[in-house]
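See below for the structure under consideration.
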Amino acid sequence: MKKVFYVQRLKKFYSEFSQVLERYSVDSGEVYSISDSGNNNDLETELTDFVLKYFGVNPQYKANNSLYFKYLNGNSWCTLTCFTYSSKNVLFITNSGYTVELGADGHVLVDVNDNNNKNILGRDLFLFEIKNGRLNPQYGDSKAPSHIYWRTNEIFCGVDSKPLPSNADGRGCAARIMESNWEMKY
58 MKKVFYVQRL KKFYSEFSQV LERYSVDSGE VYSISDSGNN NDLETELTDF VLKYFGVNPQ
118 YKANNSLYFK YLNGNSWCTL TCFTYSSKNV LFITNSGYTV ELGADGHVLV DVNDNNNKNI
178 LGRDLFLFEI KNGRLNPQYG DSKAPSHIYW RTNEIFCGVD SKPLPSNADG RGCAARIMES
238 NWEMKY
């Protein structure tokens, strides 16, 4: 039953965030991308303006505001900075109750159950990236080299027709769910 809830919330988040990116594109005439100039003040202003205008909420900056989670295999607590190259992230809660961490490098980590439970990547937390103005599930590009696609590298979210391996970390589970017709088959 929880799987259905998580997937419903994930689907709604994906739809809402995609609509935000579409609105930005219509308003500005360009696709959204984060321009990390290296200047924290510029980046904070850019991210704040984006979140305020398109989500209608005020972000909280990184000073210990980060989503902590366990990997799908239950190992180690981590944050978005464990596998991104930026520590310039903003955390905000959408009007729909999603806790979102937006990374300066375009990564997006979402907690679909409002930070109420254990925070396990691939169960109630999911990883995306903003690329070419679109919200893409992490490790979901079938055109990418096989070592970075969830279907061909079981560490990201297992693979179809096999039990979930003990080393699965959950980073590619949003892609797996979306490519499995919005079902959590693991």
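In my numbering, the protein residues as written are 58 to 243.
Even for Gly, the Cβ is constructed at its ideal location relative to N, Cα and C.
What you are looking at is a predicted structure, and each value in this text was computed from that prediction instead of being measured.
Rounded to whole angstroms, the Cβ separation of Phe-126 and Asn-176 is 4 Å, and the two are in contact under 8 Å. For the pair of segments examined, the region 150 to 168 was found not to touch the region 196 to 211: the number of CB pairs separated by less than 8 Å stays below three. Annotation for Glu-158: the continuous beta strand (DSSP E) segment containing it runs 156 to 160. Listed in chain order, the non-local C-beta contacts of Asp-168 below 7 Å within the same chain comprise Leu-124, Tyr-155, Thr-156, Asn-176, Asp-181 and Leu-182, local neighbours out to five positions each way being set aside. Bounds of any beta strand (DSSP E) do not take in Val-61; it lies within the alpha helix (DSSP H) bounded by 59 to 85. Relative to Ser-218, the option among Arg-233, Arg-228 and Val-114 whose CA is nearest is Arg-233.
The region 223 to 233 makes no contact with the region 58 to 66, as fewer than three CB pairs between them are under 8 Å. Within its own chain, the residues whose Cβ lies closer than 8 Å to the Cβ of Ser-75, once the five positions on either side in sequence are excluded, are Arg-191 and Leu-192, listed in chain order. The Cβ atoms of Gly-197 and Met-235 sit closer than 8 Å to each other.
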